[in-house]
Amino acid sequence: DRWCRDLKILYFQNNLIPKLENLGKLKKLEYLNLALNNIECIENLEGCEFLNKLDLTINFVGELTSVASLKHNVHLKELFLMGNPCTEFEGYRQFVIATLPQLKQLDGKEIDRSEQIQALQDYPEVRRQVLEQQQAYLLKRAREKKEAQKYLEKKGNKEKAEEKRKPGFDGRWYTDINTISDHGKNTKDKQNNGHSEEEQDHKVIDEDEMNKSFWEEPTAFTPESRLETHRYLEEKRKIKEENKDKKQKP
1 DRWCRDLKIL YFQNNLIPKL ENLGKLKKLE YLNLALNNIE CIENLEGCEF LNKLDLTINF
61 VGELTSVASL KHNVHLKELF LMGNPCTEFE GYRQFVIATL PQLKQLDGKE IDRSEQIQAL
121 QDYPEVRRQV LEQQQAYLLK RAREKKEAQK YLEKKGNKEK AEEKRKPGFD GRWYTDINTI
181 SDHGKNTKDK QNNGHSEEEQ DHKVIDEDEM NKSFWEEPTA FTPESRLETH RYLEEKRKIK
241 EENKDKKQKP
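According to this note's numbering, the sequence shown holds residues 1 to 250 in order.
Structure, rendered in structure tokens:
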């Protein structure tokens with residue numbers, strides 16, 4: 001904890017961080033990189049008193065009004081919000097410049113004095129436009145979250161149904177090894193080997209079809225879809241590791 005308090009630069013880019021939290025004790029932090037995460041709201045950075053540069057490139061910030069939480073970060077000079085939904089709002093740049101007068105650069109572009117004065121003059125109308133667009137976006141996000149929840153429930157039910165269809169799921173397979181003759185055992189082993197090869201071929205085909213189906217299925221670019229992609233890749237990695245371990249065993 002003592003060492004963390006003295007941190008000046010922190011790189012958290014390319015993760016699945018959904019929320020800004022537990023950063024208030026980093027008083028000396030000057031540069032925070034959170035690019036390529038799942039952050040939707042700017043919050044909980046008031047305690048980072050010396051924050052000079054904040055990078056939130058390609059996140060999911062749709063609550064543009066949440067930039068107001070950075071008002072008290074008086075040393076903040078550079079802010080990056082490129083690739084966030086809020087940058088599509090009409091009046092985005094003017095709103096941020098008027099809300100955060102301490103900024104010197106926004107998305108890598110310098111803010112000159114004349115632009116700042118104009119943004120302050122237009123602020124009432126720009127704010128009204130931003131609030132309307134933000135409300136529409138938040139309603140859209142609420143629908144996306146519901147759809148994502150339905151998708152996960154549907155997927156879970158499908159996986160349960162497939163699990164139940166697997167042979168031996170009900171635990172009724174029994175084999176009395178005392179009744180199998182050597183000849184019968186050899187014959188059965190050959191048959192089993194044949195079936196395993198055939199089953200293996202089917203398994204490979206099924207995996208290819210599932211892989212194709214996953215990547216070709218149209219989905220919106222949301223925090224939920226990014227998380228689902230990560231889970232899918234993680235499952236594939238685990239299966240690959242398990243198969244590798246099985247092959248290595250004598």
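For every residue, glycine included, the Cβ atom is placed at its ideal position computed from N, Cα and C.
Please read all numbers here as calculations on a predicted model, not as lab measurements.
Report back the beta-carbon spacing between residue i and residue j to the nearest angstrom; my notes put them in contact at under 8 Å.
i: Asn73; j: Leu51; result: 5 Å
i: Asn134; j: Gly91; result: The question names Asn, yet the displayed sequence has Gln at residue 134. The pair is not a contact, with the Cβ atoms about 11 Å apart (cut-off 8 Å).
i: Glu88; j: Glu144; result: Not a contact, Cβ separation roughly 15 Å.
i: Leu56; j: Phe95; result: Leu56 to Phe95, Cβ: 16 Å. No contact.
i: Tyr137; j: Gly62; result: 5 Å
i: Phe60; j: Ile39; result: 7 Å
i: Leu103; j: Ser69; result: The pair is not a contact, with the Cβ atoms about 14 Å apart (cut-off 8 Å).
i: Leu100; j: Lys146; result: With a Cβ gap of about 33 Å, Leu100 and Lys146 do not count as contacting.
Under a three-way DSSP split, which group does residue i fall into?
i: Gln118; result: helix
i: Ile9; result: strand
i: Phe221; result: coil
i: Asp245; result: helix
i: Gln320; result: Residue 320 lies beyond the residue range present for the chain, which begins at 1 and ends at 250; the question has no answer from this structure.
i: Phe50; result: coil
i: Glu30; result: coil
i: Glu235; result: helix
i: Leu100; result: coil
i: Glu125; result: helix
i: Leu227; result: helix
i: Ala35; result: coil
Beta carbon of residue i, beta carbon of residue j: below 8 Å?
i: Lys27; j: Cys48; result: yes
i: Leu36; j: Gln13; result: yes
i: Ile9; j: Leu34; result: no
Buried or exposed: residue i, going by 16 or more other Cβ atoms within 10 Å of its Cβ?
i: Phe80; result: buried
i: Glu242; result: exposed
i: Pro124; result: exposed
i: Ile97; result: buried
Please name the residue or residues paired with residue i in a DSSP beta bridge.
i: Glu110; result: Gln105
i: Leu79; result: Leu54 and Leu106
Does residue i get closer than 8 Å to chain C when you measure Cβ to Cβ?
i: Ala119; result: Annotation note: the requested chain C is absent from the structure, which comprises a single protein chain.
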